[in-house]
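Participant: So for the sequence shown, our numbering puts the first residue at 99; every next one is plus one.
Ideal Cβ placement from N, Cα and C applies to all residues, glycine included.
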Amino acid sequence: EAQILMLAPHNILNPANGAPIAVPSQDMVLGLYYITKGKKTMGDEIVKGEGKAFYSMEEVIIAYNEGRVDLHANIKVRTNVREKNGTLVKKLIETTVGRVLFNQFVPEEVGFVNALLTKKSLREIIGDIIKITNVPKTAKFLDDIKQLGFRMAFRGGLSFNVNDLIIPDMRNELLEQAKVEVDEVWENYNMGLITNNERYNQVIDIWSRVDTRITETLIREMQTDKQGFNSVYMMLDSGARGSKQQVKQLAGIRGLMAKPRKSGSSGSEIIENPILSNFKGGLNVLDYFISTHGARKGLADTALKTADAGYLTRRLVDVAQDVVITEVDCGTLRGIATSALKDNEDIIEPLRDRIEGRTSLHDVRNPLTDELIVGAGEEITVDIARAIEDAGVETVEIRSVLTCESKRGVCVKCYGRNLATGYTAQEGDAVGIIAAQSIGEPGTQLTLRTFHVGGIAGSSSVESSLYAKFDGTLQFDGLRTVTALNNEGDKVQIVIGRTGEIRNMDVK
């Protein structure tokens, strides 16, 4: 039992969400990202062997070892490519030498992986390899890319110095602009046009916007530096280390800081004067003092929260431990309607990810052609989930453990797929404990998260626009408006009241 449960090869998939956990990190990711990135000949920088065609992967490797082609050269090579339907076809494709080196280790059944490798894409590739091949082959593949990643990170000499942090030229301009805007808000407040709360919110909003603008400019400038071979940008983009937040603090602007507060009072307050300097330019005494404020809060929080997370897990397990799979089908007619998770218009989790591996409650038909995509009581596979999403279905009713009517425990149909194995759950699986631990486990890690950012306020700017999914004519219902002049002196309609509706009247 210990072998089955605890050996590394049996723990490649995460029981919480079915994504691979055995994923290369840090130096390995950086090395793999570095070799799969392409470079073009520009000016005096000449890439050897650019545009050459090779008849096989072996030939590319020989040419590379003999020094006839550079690691980052864009070349053409004849190789097996996996089609949508799963067959392998020989094709001449455009790729880079580094990607060919990576593909010597990819199992043959998977075909040629022609992508820039980041931590995210590696996770998907490992997931695909497990689905297509078996565990031993995946384990061997993981070992091989570990070696390759470390070796190539070492060969590339991927370190950075302070000049790799590029401070954008626009920075000062943007800051001056923001200061003017803030002064305007203060003026309005002093004249009594807005309340103190509104003033506070507007000031925070102005600084958040500037912060976002500076970050975008900074990342854009680093992206184009050395054709994207800027070491700091590579570490960031590959997912090896660092985040946009951290690079922003190094070369852009430290930004708004959070006030530490007494526990119990809700919502972290944000200090409304941001720190305008960055770590490359250096902080002055006042900036440094305000920074320590946030950093200490991080340390105190970490010490206090670790205990809470462990206790939460314990209570969850206590509640959920008797939820076990007891039968195949409870025969319920109930389910829950599921749609994509959205934040404004950004899709956080698409519909296909939420319904894959679950059982459909009703027949799902294509709204336009009325053909059956999946019947009632059938499992929704990857392909079916994709078909449902492509057909434009917004919500699907699925069977759920929340609506399961088994006398004791839950049934297989309501639970769906066991993510630890990738197959349908079996009777006797302790699904309650899996669920409890899956919720408790990230809790312990999230505690450590506050500690890293160091008290920076994470406030995002609010979306002020809506996008229609389909073309059509818009119809406005029940809007109460007043006419006013905007900054340019044009007449505009301002909506007052919160009850209006916008409908997209379809053309068809």
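So residue 354 is in the alpha helix (DSSP H); what residue range does that whole segment cover?
Facilitator: Taken as a continuous stretch (DSSP letters only), residue 354 belongs to no alpha helix (DSSP H), being part of the beta strand (DSSP E) at 353-356.
Participant: Nearest to residue 421 by CA position, among 402, 431, 508, 100, is which residue?
Facilitator: Among 402, 431, 508, 100, the Cα nearest to that of residue 421 is on 508.
Participant: How many angstroms separate the CA atom of residue 215 from the CA atom of residue 336?
Facilitator: 7 Å
Participant: Taking the alpha-carbon positions, what's the residue 139 to residue 148 distance?
Facilitator: For residue 139 and residue 148, the distance between alpha carbons rounds to 8 Å.
Participant: Tell me the DSSP secondary structure of residue 174 in three-state form.
Facilitator: Strand at residue 174.
Participant: Which two residues bound the contiguous beta strand (DSSP E) that contains residue 435?
Facilitator: 434-436
Participant: Take every Cβ of the stretch 575-582, pair it with every Cβ of the stretch 595-603, and state whether three or more of those distances are shorter than 8 Å.
Facilitator: By the C-beta criterion, the stretch 575-582 is judged to be in contact with the stretch 595-603, since at least 3 inter-stretch pairs fall below 8 Å.
Participant: Can you name, in chain order, every residue of its own chain whose Cβ lies under 6 Å from the Cβ of residue 552, other than the five neighbours on each side?
Facilitator: Confidence at residue 552 is low in this model, with a pLDDT of 44, below 50, so the placement of that residue is unreliable and no value is reported for it.
Participant: Check whether the stretch 338-356 touches the stretch 305-314, counting contact only when three or more Cβ pairs, one atom from each stretch, lie closer than 8 Å.
Facilitator: yes
Participant: Suppose the cutoff is 6 Å on Cβ atoms and the five residues either side in sequence are ignored; what does the same chain contact list for residue 237 look like?
Facilitator: 107
Participant: Under 8 Å between the Cβ atoms of residue 253 and residue 117?
Facilitator: no
Participant: Tell me whether the stretch 525-535 and the stretch 469-485 touch, counting them as touching only if at least three CB pairs, one residue from each stretch, are closer than 8 Å.
Facilitator: no
Participant: Less than 8 Å between CB atoms is the rule here; does residue 314 satisfy it with respect to chain B?
Facilitator: In summary, chain B is missing from the structure at hand, where a single protein chain is found.
Participant: CB-CB under 8 Å to residue 590, same chain, minus the five flanking residues each way: which ones, in chain order?
Facilitator: 581, 582, 583, 584
Participant: Under 8 Å between the Cβ atoms of residue 538 and residue 414?
Facilitator: yes
Participant: Within 10 angstroms of its Cβ, does residue 309 collect 16 or more other Cβ (buried), or is it exposed?
Facilitator: buried
Participant: Could you give the first and the last residue of the continuous beta strand (DSSP E) run that contains residue 581?
Facilitator: Segment 578-583, the beta strand (DSSP E) holding residue 581.
Participant: Return the chain-ordered list of same chain residues with a C-beta closer than 6 Å to the C-beta of residue 485, the five sequence neighbours on each side being excluded.
Facilitator: 471
Participant: Which residue from 600, 229, 144, 540 puts its Cα closest to that of residue 408?
Facilitator: 540
Participant: Using a Cβ-Cβ cut-off of 8 Å (strictly less than) and excluding sequence neighbours within five positions of residue 522, which residues of its own chain qualify?
Facilitator: 477, 510, 514, 515, 516
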